[in-house]
Amino acid sequence: MQRENNHSGSPESWLQYANSDLELARVSKPQNVLFETLCFHAQQAAEKAIKALLIAKEITFPKTHSIRMLLDLLPPEVKQPPEVQESAILTDYAVISRYPGDLEAIDEEEYQRAVNLEKSVVEWAESHIQNR
49 MQRENNHSGS PESWLQYANS DLELARVSKP QNVLFETLCF HAQQAAEKAI KALLIAKEIT
109 FPKTHSIRML LDLLPPEVKQ PPEVQESAIL TDYAVISRYP GDLEAIDEEE YQRAVNLEKS
169 VVEWAESHIQ NR
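Numbering-wise (our numbering), the sequence shown opens with residue 49 and increments by one.
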């Protein structure tokens, strides 16, 4: 059963889920799996890592898949390197890439870019959480 409070769980548990999605996004692509599906997991890893950091900072956040919205909630003292800022483009993979016809097919180059961005976000969030 889903809880009403989106802040349930510790930052560390959110990071555990982020790392799980990170691993799924990075698997060798099985024959019948679409890059779109792997990019969805890349987006989920970044989203959950940012939410982990927001929880660590005791910042309330809405139910959203928007990485830009989540990043904008962080205080200015949490420096966001360029690749973290750029990760906002992963939001497209949260919903529209999961259904046919809404987005151009994702190729391996775009997939690799998504994986690199999500990995940067997860590592960035982990470093901030560990140093709190």
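Idealized CB from N, CA, C, for every residue including glycine.
| Query | Result |
| --- | --- |
| In the DSSP assignment, find the alpha helix (DSSP H) that holds N164 and state where it starts and stops. | 156-178 |
| Beta-carbon separation of F88 and E156 under 8 Å? | no |
| Can the beta-carbon of I177 be found closer than 8 Å to that of L122? | no |
| Unbroken beta strand (DSSP E) runs of length 3 or more, entirely within the region 75-155: which are they? | none |
| Measuring alpha carbon to alpha carbon, tell me which residue in E158, A136, V143 is nearest A94. | A136 |
| Is the region 126-140 close to the region 54-71, with three or more CB pairs under 8 Å? | no |
| Taking the CB atoms as reference points, tell me whether A104 and V170 lie closer together than 8 Å. | no |
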